[in-house]
Every structure is written in C-alpha cells, then in structure tokens.
Amino acid sequence: MGKILMKGNEAIARAAMLGGLEAFFGYPITPQNEVPEYLSRYLLEEGKVFVQAESEVAAINMVYGAAAAGFRTMTSSSSPGIALKQEGITYLCGSELPCVISSVMRGGPGLGSIQPSQSDYNQATRGGGNGDYHVIVFGPETIQETIDILKEAFDIADYYRNPVMVLVDGLIGQMMESVDLTKPVKKRFLPEKDYAANGTKNHPGERHIINSLYLESNELEHHNLSLKKKYDLATANETRVELINMNDPDYVIVAFGTMARVCRSAIEKLAEKNIRVGMIRPISLWPFPSSVFETMDAPHLKGILCVEMNLGMMLTDVLVANNGRHSVGFFGRAGGVVPDPDEVVDAILHFNERVVK
Amino acid sequence: MGKILMKGNEAIARAAMLGGLEAFFGYPITPQNEVPEYLSRYLLEEGKVFVQAESEVAAINMVYGAAAAGFRTMTSSSSPGIALKQEGITYLCGSELPCVISSVMRGGPGLGSIQPSQSDYNQATRGGGNGDYHVIVFGPETIQETIDILKEAFDIADYYRNPVMVLVDGLIGQMMESVDLTKPVKKRFLPEKDYAANGTKNHPGERHIINSLYLESNELEHHNLSLKKKYDLATANETRVELINMNDPDYVIVAFGTMARVCRSAIEKLAEKNIRVGMIRPISLWPFPSSVFETMDAPHLKGILCVEMNLGMMLTDVLVANNGRHSVGFFGRAGGVVPDPDEVVDAILHFNERVVK
Amino acid sequence: MCKPVNIRVAGFGGQGIMMFGQMLAYCATNDNMFSLWVPSYGPETRGGTANCSVIVSTKMINSPVFTNADVLVAFNQPSLEKFKEMIVPGGCILYNSSMIHDPILPEGVRGYGIPINDIALELGTIQVSNMTMLGAYLEFSELFSDATAEKVLEKYLGEKKAHLLGINKQAILRGREALRALKG
Amino acid sequence: MCKPVNIRVAGFGGQGIMMFGQMLAYCATNDNMFSLWVPSYGPETRGGTANCSVIVSTKMINSPVFTNADVLVAFNQPSLEKFKEMIVPGGCILYNSSMIHDPILPEGVRGYGIPINDIALELGTIQVSNMTMLGAYLEFSELFSDATAEKVLEKYLGEKKAHLLGINKQAILRGREALRALKG
Amino acid sequence: MEVKYKKTKGLTDSPLSYCPGCTHGIIHKLVAEVLEELGVLGESIVIASVGCSVFSYRFFNCDAVQSAHGRACAVATGIKRNLPDHVVFTYQGDGDLASIGIAETIHAANRGENITVIFVNNAIYGMTGGQMAPTSLIGQKTTTSPMGRMAEVHGSPLHISEIFSQIDRVAYLERVSVFNPRQVRNAKNAIRKAFTYQVEKRGFTMVEVLSSCPVNWGMTPVDSLKWIEEKMVPVFPLKVFKDKGVENNV
Amino acid sequence: MEVKYKKTKGLTDSPLSYCPGCTHGIIHKLVAEVLEELGVLGESIVIASVGCSVFSYRFFNCDAVQSAHGRACAVATGIKRNLPDHVVFTYQGDGDLASIGIAETIHAANRGENITVIFVNNAIYGMTGGQMAPTSLIGQKTTTSPMGRMAEVHGSPLHISEIFSQIDRVAYLERVSVFNPRQVRNAKNAIRKAFTYQVEKRGFTMVEVLSSCPVNWGMTPVDSLKWIEEKMVPVFPLKVFKDKGVENNV
Amino acid sequence: MPIKGYLTFESEKCKGCGLCVAFCPVKILYLDKNTLNQQGYPIVKITDPDKCIGCASCALMCPDSIITVEVKN
Amino acid sequence: MPIKGYLTFESEKCKGCGLCVAFCPVKILYLDKNTLNQQGYPIVKITDPDKCIGCASCALMCPDSIITVEVKN
Ligand SMILES: Cc1ncc(C[n+]2csc(CCOP(=O)(O)OP(=O)(O)O)c2C)c(N)n1
Ligand SMILES: Cc1ncc(C[n+]2csc(CCOP(=O)(O)OP(=O)(O)O)c2C)c(N)n1
Ligand code: SF4
Ligand code: SF4
Ligand code: SF4
Ligand code: SF4
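Protein chains in written order, with our numbering: chain A, 7 to 363; chain B, 7 to 363; chain C, 124 to 307; chain D, 124 to 307; chain E, -7 to 242; chain F, -7 to 242; chain G, 46 to 118; chain H, 46 to 118.
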C-alpha cells in the first residue's frame, strides 16, 4: 500500500508542496499550526519561500503579491484568522489571482474554542468580503482526500485564476491517519500566466497590471459579468459530490467532512435496524452539488436530513437545492462538539422532530 | 411638515445621535465619509466620544471596548472596510455586545468602485466572521426610513445585546432628500446593562467579564444554543417587511433599498400596461421575512422576480422562503449600475427568460 | 405638476454645479414639495467634470435614478455633448452660451443659451455664474417664487457668506431677465 | 478483528500519553491496517492532563470519534475517574498501579494494574513508563508482534534518540511480562 | 508575627493557567499588587489579550474585557474614552502587541490614550506552541524557525520600547525584567509608576517586561531566567526610555 | 539644440489624475526618472496603494500591482521574495502607510525586505476628501478635525522616519520635500540612493517626501509649497535618518 | 555667451496650477485665464521667450511634466 | 536578634517549578519528587525551617503566589 501515518496538518503542508507550492505566508493559530511549522522547514529546504507574516491580514496580502508575480502560493489559518483575510480574499477574486487557502475550523463565534467545528461554512462559501465573488471551496472528509484535493488545488486555482479553499475541521488537522501521498490526481491543461507582473523585460511592449479597481460602473459591471461566466464554468466543471447508498433510500443524509464520516457509521448502524439511509456528500461546498438533488431517484424517500457540526449553515444550500421537493430536517451540534454516530441514528429515528421545511 | 433637506450620510449621523449614540469610531472611506465628518463636529460638541481610528479593524475593536463598558456606540464604513471588521463583528456577537454598524455599499469585489451597489448583501447577512452568529440587518429604501431605523437601532441592539447593521447603498448615502427627523419610533423596555465592565465599584462583589472564549466544547455549545434562542426571538419579533400592491398580483417583485424604490416606479409603469405587480420589500434582511412567502395569497401568480443591484444574493433567501411553491426569476445589474425602472419593466415582461427555479 | 421633473446639471468642477442642484432641492423642500438631489461623486470629480441630478415632485419620489431627463443644464461644452441625448423629446436644455457656441441640439428639444460667465463677470465675479443660471432656470420652469429662492439662498450662504447675498440675488435676477428675453 | 478497536489513553502531561497512542497507530500502519489517532490539544494540555484516542481497524475507519471505548489506558487517578464510565461492558482498563491503588471499576469491565513507574524506575528512568504500558497493552491485545513494535519504535526515536532504543525495548518486554503475569 | 509576603488581593482565587515557572505569573502578581496598593481595583478594567495570558480575565480581581488578538489597545481606547476616570490597562504578549497588534498599540500611544500597557516580551509565541515572534533572538530556534532565526531571512528582533520612545505622547516607558528578586522589585516600581501616571492623567504608559517561556524555550524554569539575563538583556537593554515626570527627559 | 528637460520615459502617456499643482506629480516623475536612469524599468514592479496615487499603476511605465489599503508592503514582500532580483517599490500616502498600514510597513522594514518605499506625507487624506491623517499638524483643520487637530484629543503628528530609524534592518531612510527646485533635486538624490541600495541588495529603503494637497488644504498650489516649508518642515525635519552605506551611521 | 532656453508646452495637459510661473527666476511665465483647455484649465504662456535662460526650474516643478526645455549655448 | 521567617505553602497549587528553591539565599528549599499533588507536580518542601531568614525571596519569585512568609524579630 505504501501508506504512511500522517497528521492532517502536516499532510496539508506536504500535499501543497506536491501540488507545486512555491511560496507560503501564514500566521500561527491553533489548530493549524503544524502547517506553517512543517513548511518553515521543508519549503525553505527546497529553496522556496516561507514567510511568517505579522498577521493574517499581512499573510493574505503577501499571497496577493506572490500570486500577482505569477507564483503558486498559499496561506493557512483558522476561524478568526480567516475572518481577517476576507478583504484580501475579495481582492484576490477581484484581481483574478489564483491561490490556495487552507482553513482549519474551530468553534466560534469570536475567540470561541479550538475544538473542531464546521461553523465556518458560511464564512467559506458566502465570504465576508465585499462584492460579487466566489471562492471555490472543498470540504474533504479524510486526510487522504484532503491530500488529493490539495495536490490538485493549485491547478484548479490557476485554471480559474481564483482562490481555492480547502475547508476542514480541527479534527482533520490534528488527527493522524494512514495515507498514500502518491495517489495520482487529475491533470489539466493550464495556459501560461500571461498576466503576471514580473517585469516588462519578461513581456516587452506590454505592461502587466494587477488591479481590481474599475471606477466606471459599466466597466465594473463588465468585469463582474466576466467573473460570473467563470463561476458558471466552475459550477459546471468543478462540482464534486459522493453519493453513498443512494439506492432507493428511506432517508438521505447530507453531510460533509468529518461529519460525513460520522454519518457513515450511523448509516451502518441504521442498516442493522433495516432503515435504508443514503448520503449525499458534497465534496465541493461551492459550487454546491445542487443538481444531484434534482436528479435523485428515491421513490420512497421520507426526508432529507442535513447534518452539520454547527447550527444549520449548509442547510440553506440544501433547502435551495431541494426546492420544496422533499421534507428537510436538520441535526447539528455546536461549539466544537463532534456528534457521535448514535446521535445521528437517533436524529433519523426521530426525523419528524427535526423537520425544518 | 417640518421637513428638511438632508444628505443620507449626514442623516445617518444625526439619526444615530438622536438614537442615543455616545461614542463613534470610524475610518474614512467613500461613500460614507460624511458620517464621521458630521460626528467629528457634532458629537464632540455634545461632549461625547469621537475617535478617528487608525483602521477599520481598530474602529470595530474600539466599538467593542465602548460596548463592553456599557455605552451606545457605532461605527460606519463601506464594502472593503466592512470586510476588515468581520473578526470584530463575530467577537461582538460572541461576547453579546450591542452596537450599531452603518454600511454604505459600493461596487466590488476588491477595491471595485465607489458607485452604489447591493453586492454586500451576503457580507452583511451571512457575515464572514467565524462561528454561528447573526447580525440583525436592516435595508431601508429612503433617507427617511434610514433615519427611523437608526433612531431605533440602538434600542434593538441593546435589547438583544447584538450588533445591528443598517445597510444602504452609496446612493442613499450621497443623495439629499427631504426628511422629518422628529417622527416618533417604537420605544421598548430595556433592562439595565448589568454586564458592563465599568469597574467593580459600580457593582460590588461581582466582577463583570466580557468574553467570547469557552474552551470546553460543552460550554461553548451551551453558549451557542443560548445565542440561537436570542436569534429565534429576534426572528419572531424583529422581522420587518412592507407588502405593496399584493392584492391578487400577476407577479411579485422582491427588492430592498434603492432597488425597491426603482421597482415602485416600474410597478406604476406596469400598471399602465394592466400588469398587476406586487412587491415584497424586506426591511429586515436578517431576519429575512420568509413567512410572508408562505402566507401569500396570490392565486394568479405567474412568478416571483427578485431584483437586486448585484448578481443574485438575496435570491438565495427568496428561494429558501419560496421553497419551490412558485417560479422564481432574477434580474440584477452589477458593478455599481443602478438599473432604470424601464429595465425592471422589461424583466417582468420577459419573466420567462429570467427564471432560475 | 403631476409628473416629477428630472433635471440633470453638469459642468466643470468649480462652476458651482452642486450648489445649483442643491438650491433647487432646497427650494422644493421649502415649498413642501418632494425633492431629491443626487451628486456624481468620488475621484472623478477631481479635476474633470462634475454633475448632479435633481428630481422635484409634488408626490413621493420613487426611483431616485432616471435615464431620460426633462431638463439639462449644461455649464460647458463637454457636458452638453455627454448628456444632451438623454433629454426627452419636448424637453429642454439650458446652456452656458459664454462657453458653448452654436450647439447642435437633439430634435424636439428646445435650447436656451444664457451667457452666464459674461453676466457674472459684469456683476463682478465669475463665482455667481451658477446663480445666474439658476435665475434662468427659475424663469424657465416657473417652479419657485423669488421669495423662496432668496430665502433658501440666505440659508445656504449662512452667516459667513452673508455678504455675498446681494450679488447672488442680483445674479438670479439677471438670469431671469436673460431667459425672459430669450423666451420673448 | 472485524470491528474497529477504540482505545482511550489518558494521564498527566509528560507521561508520554501521545507517544503511546501514536505508537499504536504507527504499528497499525506498519501492518497494513487502518488506524487513526486523535489527540486532545490546546491549552488544556498545558499543565493539566493529556489524553488521546486511537482506533485500529482492518477496514476503512468511518467515524473518527467514539463515545464508548473498548479499552482505557489510564496513567493516573484523575484520568481513570474521568474516562472509566466510557468503557463498554466487556471492555478493559489498563492502569498504572504505581499511581492508582485499589481502583473501583465499572461492572463488566476487566482491569489490569501495571506498576509502570516502578518498572521504569527499575530500568533506570521514569521516561520509559509509557513503553512499559505499551508492552502490557500489546500483550493484552495481541494486535501487533514484537517485530512490528520494535521496528516502529526505532523509526519513532530516530537517529537522535537511537541510544534510547534498548531501554525502551526492555520496557516493552517488561510490560508484556507484567501483563502476562496478571492474566495468569 | 507579621506577614511579610502573601498573595495579593489583586488576584482572584483561580489557579493561574501558566506552565510551571512561567514568569507570566510573577508579572501578574506585580500588576495586581500595584492595583491593590494604589487602591484602584474597584475602578480598574483589564483588557486580556490573546496569548497565554488570555485567561488573565479570570485572574485579575477587577472587571475584565477579553479582546481580539492584537486589538487590546483599540479596545482599551473604546473603554477609556468613555470612562476617563477609570484605570484601564492591557496585558499583552509580544505576538499580540509587537506582531499583529503593532498598529493598534502605536496609534493608541500616539493619540496619548491615558492607559497602561503591560507588554510581556518572552521572545516567542507561547500559547500556540512556540512559533517565532518579532522579538525572537537571532539564532533562536522556534517551531517556525527550526534552524534558528536568521537576520537575512526573518529580520532582526524588533525593539518595541526603542520605537515607542519616538512617540511624543508616551508619558512613561521602561523595559524591565523579572529574572531575579532585585529585577522583580524594579519591575514592580516601573509598573507602579506607570499606573500612577495613568491616575494622574499624564498620557500613555507602557512597561515592557522580559519574561520567560520555559516550555517553548525547552529549558527548565531556572535556566530560563538565566537565558533572559544572559541572552535577552544584551539585545533588549533594561532602561527607562521615557519619563515625562522627570525633567531632562531621557 | 539640446534637450535639457523633458518628460521621462519612466512615465506613461496617461495624464496624471492629480489635482492641479499637487506634488504627487512631481514625486512621480522623480521616481520615474530614477528608474529610467538606473535602467531598471523592465524589471521594476510598482505597488500602487490606496489613496490619490491609487492610479499610479497607470502612470509608472513598468509592471504594476494595485494593493489593498495599507497593505502595499505585504504585497511587495510577496513579490520580492519570489523575484529577489527585480526592483520592487511601493508608493504610499500617509493614510495608507502611517495609519492603516503601519504594521505591514514596520514588519517589512524589520524583516529587511529589500524593497523601496516612497512615502508621500501630505498630512491629510487626499483621496477621501480631506480627513485628518496621523501626520496632520497640531491646529490643522481637516474634515474630521473641524476645530483643528488637538494633541489631547487627536494625538500628535506621527513621526514615521524617526520611528523607522529604530529598526535594525533599514538600510536607507531620508526625509525630503519638493517645495522648491533645490528640494526637488535633493529628493531625487534620495530616491536614487534608495533604489541604488535596493539594486545592491542592502535591505529596506524608504524615502519620506513631504508633499502638498492644495485642494484639501484649501490653498493655492503655490501657497501649499510655502506651507510645507514653513509649517511642515519644522515638525518633520528634513534629514537622513539612516544610511548603511555610510560609516558612522547617523 | 549666456545660455538660451526654448520652452514647449503640452498645453492640453496643463492644469493651470501656476507652479512653473512661481518658480521661474526671470518671471516670464503667466497663466492665461482667457485660454482654457479642454479640461477647463487656464493654460500657461510665456511673455518674453527671449529672456528664457533655460534653467528648467519650471519644468522641474511642473507636476504634470508638460514642459520641455531645450537649450542652445 | 536576627529576623526569623516562617513559611506556609498552598501546596495543591504548587507547580514544582523550583524558582523558590533557586532563589532561596540560605538554600533550605527543595522539591519532593516523591510527593506529587493532584496536578501531578512534585511539591516544594523545606529542609531546615529554623534557618529561614524571612527574606521572602522565594515568595517574591513564586509565579503562583503560593508561599506566605511571616516574620518575627
Ligand atoms: C486573529 C488570531 N490570530 C491568531 C490567533 C492565534 N494565537 C493565539 S495566541 C497567539 C500568540 C501568542 O503569543 P504572544 O502574544 O507572544 O503571547 P504568549 O502566549 O507568548 O504569552 C496567537 C498567534 C488568534 N487567536 N487569533
Ligand atoms: C480598507 C479601506 N479603507 C478605507 C478606504 C478609503 N480610502 C481610500 S484612500 C484613503 C486614504 C488616502 O489618504 P493617503 O493615504 O494619505 O493618500 P492621499 O490620498 O492623501 O495621497 C482611504 C482611507 C479604502 N479604500 N479601503
Ligand atoms: S507556553 Fe510559555 S508563556 Fe505560555 S504559560 Fe507556558 S511557559 Fe508561559
Ligand atoms: S486630493 Fe490632494 S493629494 Fe489628492 S490629487 Fe488632489 S491635491 Fe493631490
Ligand atoms: S506647472 Fe505644469 S501644470 Fe502647472 S501651470 Fe505650469 S505647465 Fe501647467
Ligand atoms: S516557586 Fe512556587 S510554584 Fe514554583 S516550586 Fe516554588 S512554591 Fe512551587
């Protein structure tokens, strides 16, 4: 198998290097500290760039600079730290610069806790920056999947010239699991970075300008519409979802990340009780896999249960995707509590008490 | 009538003073500069606190301090400036501190433009801070309504011990309109601020601690659930909406702020063509007035058109509220373009081309 | 007046465009009418041109924006060119004939050229050219009385600039006269 | 083994709790099994107690969390008290009998006390008490061979701590012996 | 019998959360003793920053506000401007003050906010597990400078007190340490002066305290104190940088 | 006939967006002339900050990156670390550098990023319409200090160069102005030195230029230059604060 | 023989700020309020071209770089 | 008569850091590795109480404020 045991955060760092990371900028915050710690040693060893920034704000703007110059770059942080990056993220989107952001969620709001959580789903998928923009967000469930996505993330970012976020909870960051670093990932054709501001001597006769300012409304609208086209393309091509056990289920669970793993155990336990439960596991959180809800063939479906480690965020996307077709319920734990499979079993058994729409 | 002509931004400042503002902290940014400029003169004249902060980050944290000490406090900013405040906002929510935030939207993403826009709807209603929290957001359509809401905003903030945001676009901030500053607003019973950190000599034997850190998951979850209770209460009591022309409409428009005003003109024009168009005008954007969609009695309704000065943000809330009942369409302009009533007329006339669900 | 009147005002920065527009809005408020003034703002006002729009109405004003204006008040050539096509048929353009010579106007639109720079200079300062134009507009539109305009002007100038009241009033008067002469 | 084994390890900071857990996870990986190690982390590890959990399984591990463990390895009294109620009936508790005397265990749970501090001190350093416990656990669980444990240990210690290999191996052995004696 | 030393009432009963031998504890009690001695506990508000001292809201026996990482001085400004007669102070680590929070701290100083800043410089990020701080020494190994801090790559240790000495409205500024009993007494005097100046409304006051982090330095508590004396002090000399109460200002 | 002065090729044809008489224009051409004279336009990257000079990405005849308000030095770091042989410089106003961006600027300096910072200090926020800046003078009326800046309320003018003179890894630091032809020539020399040091990889270089804002100061362009000379220079003395190229460092 | 200067102005870009006028040591420049360019600014003109000593002070001080100075000995 | 000191320790809060031990001028304090408190730390003990001079150096240096010093002349 060639598997090794690796901590999630270190796997993020190593996989980013395998994905071509050239320059990392970050600021310490639990529970993702092993990401910069690992890179401070191994990225520098490879002669690449590692800078511990003075803050999350500085880090994301260093990323902006590195991306502007045409390099594969990344930052990593956790909840309040990601909040501080929102302005930088909207700038990256506005200037169409690629980068990878790893976000390792802890409990909130405010300083909250450092325990694992999924309560930054809105922060990741709806942003908090200004304007019409989207970040492509993936929410893997194992360290292996985290690695595979990270290895591909720089390609995706480059392809769309847009930030790509890998969103995991603190548990994935802190735990160790056996992984295979060598699993091949999809390769795609990438055009040259003919926008990079790396000196006109590299592209004589043409100045490269990285910018998100468009004072004339018409120009800005034009820019917004061209961004939208890109986002539509990403929606068409980058939506990822795993369908589990979706053969004529009684119930369908929607869950991502660690929560999806817990639900897998719950589904096994429910099967023992002869309750057939399927799962839609969004891997891309933006774009959200809405269309699988439309094409779902489940004649005996009693309801869809959205399960999250928060008080109901992805639920909005589930409701929009479901569009009134089925009854939707919610089960979630907050504050950094990771629910046990039995709690999910219980939520399915008492689905009626969980219905929101 | 006792009306006076006032610029939107100055009206925000004056109304905040009428609402009891004691301490303002802000950083310059177009198109809201007249807010701090006005207060730098008149708030100081009244012996109250005005500080031009060194940044938006500092400003929101000064607000945090003033609120922690028990004072009525406010900050004001615009798009990228609000992005920088997201960490502070989640802290305010986490520590249950009241304040008012005025957000005067311009085009985005990134530096974007300074032209009026509604593309910070997600930024305002979904936040970008970490964790399970909500800001109560109002989106008034006239300067008069902006004034009335601001006069009440501090009460609402105090009542829920939560930030209240007044979200307008740059047009409302920059234009002048006749207003009446003396219109009475609802008064509510407010408990004493028995949490304020203002020295134990003011509350002997008991230390007041303002904090959002709960290292134990169970404690944090308990905190999250108690916050949720508060948000549910706000949803029950603070949801505001205006229903216009909702007597058996052919179409229903959903629009807020400046866009709603433009739609009013469009509705008049459509009436001339014998097309009956009603409007659901959300005044509170969070909590969103979902329930009016459920109770709506419109037997001949052909569809709901969501109209925004962005590429479709409130649309998500409309889709959730609609829950598959009616066909939903969208029309929006981006980049700081304020659509003309004729464009809205046209969108209704070609509703089928606008359908999203 | 049953339909709101949509007015576009434009010129160089420094020509008193904003004041012109605000004066109209203040007059409307003074007369218990509805009004709405919208500036163009931001760095584009730095150096370049300035423009604003005004809506005056006897009923609540809905849309604060309009594409087609009833009236254009153009203080210089580039502004005329930029905005003249937005005027509705039957609408009207007041222009600064000290700076705009023999303009080509859209069909169905009346034009009145007032040499506001010259009149203002006659009065002693170019600064009052905008109030000269205001006089012309008041004469043209018959929206507000002299009493209203003067009351509003007094407030607008405030104590600090009270000494300028006389010359501004004179400018309004001279503007009215000039328009009346044109109307014939 | 068809069901995953859920193991909880707990003690004071400094007792080598994390290493104990990681060693198990590494052994599993070495033997081509699935394993998952989850630490408690953050400031609560400062001073106070430390704990981690390990899952070892022959098939893909789904839920990384469990409430009820099959095995508790308790290095001190407070840890035993904190976690003992989580052990499933039929489960087992290995405890440090150098620090825990006459424990009251839940019904249906077997207990094995190993005086790991004493054994480690006999070997020369308290530092190897955790590997003594590992030996006991290996003997108890029959999950991994000595060869596996030694190979993993060697890697874990690395070159810098290679000189500690011998004493750690000895500790594992002594732990095995102690457990064997208890099992009788 | 006479009590010569006992725990100050300026601290609560809550056991300190610091690691064994961490001098955060010594600095805590000095501040608390000064507040008790000045009789201002009832009107004091501590702003707890983010770092190992985040829990200081539990320890100081007065009202407390926990603030976002680096923003303690902005929070203090918001409080003090509204409660000008209260005693408002921040307690901040070097990550909090010198890295992410330097803007807020400089501008509070420059506005002359009448607050006191207790700046605990331990040359490392304690709370998050030993990353490099702006004040880490050249050659110091941390988890993000595993080969030791190198001036060319990571820059030099940032001299906060030297920088703040250039700010007009700073009223009092001294760098002290706590590596032996004499230094502890010195440190207390500096802290007392700072708070006294605040009570007298003289402006911004700051005391930088060189402190230890045995756990992340990988040393015993006792060796850590030696390291302060031998390694840190030469880089960060102990002195009064500013004292508006003294003529012929330094 | 010989051309004694003509517009530098370091500037593009795009007309400058600055107000009449604003010395941003003078500073632009000095920087552009230096880049042209050093022959480094092809390898230069300007970071345009947010302020009136936001459009400088249109004006400098080289590659350009527009950055978020205050973050120019972080952006420059991201570029320069990846392109160590390029010439990377930021052009920042006092709001951008001294207020919101002071953390990023100090830390870039402290890390010794081998970049050049052109710091345009006009004692006001120009772009946003004349609000108070950290560098506004005592008594100066601005739209947010309508009664004039008061030390007790607003603090004192922040002395950026004095502060940065305390940072080890700053290689060159001078404050200049452009209020008459002689000063313009001086300013150009300083700028040339800064860029030369960058090319020589000596570390962080910064030139603070006292500049005018006739529109928001409410003065004619000519009076504005007098105001710089008479009011600003006494508060912000023109001098070399640091020059690593000279022995016996100042 | 004294140096003789020749000025050319790119007048459409002139903003009429008057800095060149103020710093001309021989005082031969002025702003013509009667000639506005397309931007609306009065443009700079020269009273007495013969007196220009080619010192380039005007050009040096012009923020908009619109003055070219040529010299002949 | 020399001053005589009396120490009391709140041992459950002792973290066994040894700072008091290191700064006792008469060297009468030590950590008892065989007596761990509930936190798991060895606690501080005194070898020769009679020798205590009541200087309070130990108490001053104790980060956890667990030492009370009383003195009698
Ligand atoms: C916005 C944000 N960024 C980062 C963190 C993580 N964090 C917690 S404490 C800390 C630094 C602690 O170092 P220092 O201020 O030197 O204090 P010490 O722990 O050394 O006393 C950091 C980076 C956070 N909580 N919030
Ligand atoms: C995050 C953010 N905050 C505020 C602004 C608004 N803003 C634009 S320019 C500027 C300051 C300009 O002043 P300065 O840096 O001194 O440059 P000047 O215009 O005077 O040359 C501000 C506050 C912004 N664009 N972004
Ligand atoms: S980590 Fe360091 S600074 Fe923090 S409490 Fe422990 S020893 Fe003190
Ligand atoms: S506002 Fe001031 S700084 Fe900006 S361009 Fe105009 S004069 Fe120059
Ligand atoms: S300095 Fe330049 S812009 Fe100013 S008046 Fe002279 S030529 Fe015109
Ligand atoms: S200094 Fe205090 S905590 Fe440390 S060993 Fe002595 S008594 Fe215990």
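Ideal Cβ positions, reconstructed from N, Cα and C, are used throughout, including at glycine.
Through-space distance from residue j to residue i, alpha-carbon basis
i	j	result
residue 357/B	residue 240/A	26 Å
residue 285/B	residue 68/B	40 Å
residue 7/B	residue 189/B	Any reading at residue 7/B is ruled out, since the residue's pLDDT is 48, under 50, leaving its predicted position unreliable.
residue 40/A	residue 74/F	23 Å
residue 218/E	residue 210/E	13 Å
residue 152/E	residue 226/E	15 Å
residue 242/F	residue 186/F	Low local confidence applies: a pLDDT of 44 at residue 242/F is under 50, so the model's placement there is unreliable, and no value is given.
residue 23/E	residue 51/E	11 Å
residue 182/F	residue 102/G	19 Å
residue 249/A	residue 289/A	10 Å
For residue j and residue i, believed in contact at Cβ under 8 Å, the rounded distance
i	j	result
residue 54/H	residue 111/H	6 Å
residue 365/D	residue 184/A	Residue numbering for chain D in the displayed model covers 124 to 307; residue 365/D lies beyond these limits and cannot be assessed.
residue 182/A	residue 11/A	5 Å
residue 310/B	residue 268/B	With a Cβ gap of about 17 Å, residue 310/B and residue 268/B do not count as contacting.
Amino acids of chain C, ordered along the chain, whose beta-carbon sits closer than 7 Å to that of residue i
i	result
residue 85/G	135, 199
Residue i: contacting residues in chain A (beta-carbon distance under 8 Å)
i	result
residue 58/F	101, 215, 216, 217, 218, 219
Contacts that residue i makes with chain B (C-beta to C-beta distance below 9 Å)
i	result
residue 148/C	11, 182, 183, 184
Per-residue contacts from residue i into chain F (C-beta, under 9 Å)
i	result
residue 264/B	Here the premise fails: no neighbours, minimum Cβ distance about 22 Å.
Within chain A, the residues that residue i reaches when beta carbons sit closer than 9 Å
i	result
residue 36/F	205, 206
Contiguous alpha helix (DSSP H) assignments of at least 4 residues, all confined to the region 4 to 75 of chain F: 16 to 30, 48 to 51, 64 to 72
Residue ranges of each alpha helix (DSSP H) within the region 218 to 265 of chain D, 4 or longer: 239 to 246, 252 to 264
Cβ contact check for the region 135 to 152 of chain C and the region 170 to 179 of chain C: 3 or more pairs under 8 Å: yes
Stretch pair the region 160 to 175 of chain E + the region 64 to 82 of chain E: three plus CB contacts closer than 8 Å: no
The region 300 to 317 of chain B / the region 337 to 348 of chain B touching (three or more Cβ pairs under 8 Å): yes
Meets three-Cβ-pair contact criterion under 8 Å: the region 70 to 79 of chain A and the region 84 to 93 of chain B: no
Every unbroken beta strand (DSSP E) inside the region 145 to 184 of chain E [3 residues or more]: 162 to 169
Completely contained alpha helix (DSSP H) runs for the region 168 to 199 of chain A, where each covers 4 or more residues: Listed in chain order, they are 176 to 180.
Any 3 or more C-beta pairs closer than 8 Å across the region 227 to 244 of chain A and the region 142 to 149 of chain D: no
Complete beta strand (DSSP E) runs within the region 231 to 292 of chain A (minimum length 3 residues, chain order): 247 to 250, 257 to 260, 283 to 288, 290 to 292
Segment contact flag, the region 41 to 53 of chain A with the region 42 to 62 of chain F, C-beta cutoff 8 Å, min 3 pairs: At 8 Å Cβ cutoff, the stretches do not touch.
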